[in-house]
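Q:
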Amino acid sequence: MTNAAKDVLARALQLTADERIRLAHDLLESVDSDDEVGTFSQEWIEEIQRRVERVVSGEAGPAEDWQVVLDRIQRRHAERGA
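Residue numbers (the numbering used here): 23 to 104.
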């Protein structure tokens, strides 16, 4: 990942959960199927769109803070490695 991308990520992680979800949706929408990063199957695109719609509509409930999730993952990883 480039320094510019790392900077964007760091700044994006400071957004609210709703803002991050909307940003992720917009970024996915911006990826052209001819981009060098590859393509997504139509089924996966539809699943992502369903998930985004559930979150944006409030149906999915409140999002968990990313730092809390990351801390939990790191803690579990450390416990397994001990």
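Note that CB positions come from ideal geometry on N, CA and C, so glycine has one too.
What separation, rounded to the nearest whole angstrom, lies between the Cα atoms of K28 and A85?
A: In a straight line, the C-alpha of K28 is about 23 angstroms away from that of A85.
Q: Leaving aside the five residues before and after L31 along the sequence, list all residues of the same chain whose C-beta is less than 8 angstroms from its C-beta, in chain order.
A: The residues are M23.
Q: Three-state secondary structure (DSSP) at E75?
A: Helix at E75.
Q: Given this structure, state the Cα-to-Cα distance separating V78 from D93, to the nearest angstrom.
A: Taking the straight line from one Cα to the other gives about 25 angstroms.
Q: Suppose you measure from the CA of V74 to the CA of E41; what does that come to, to the nearest Å?
A: Each residue's Cα considered, the two are about 11 angstroms apart.
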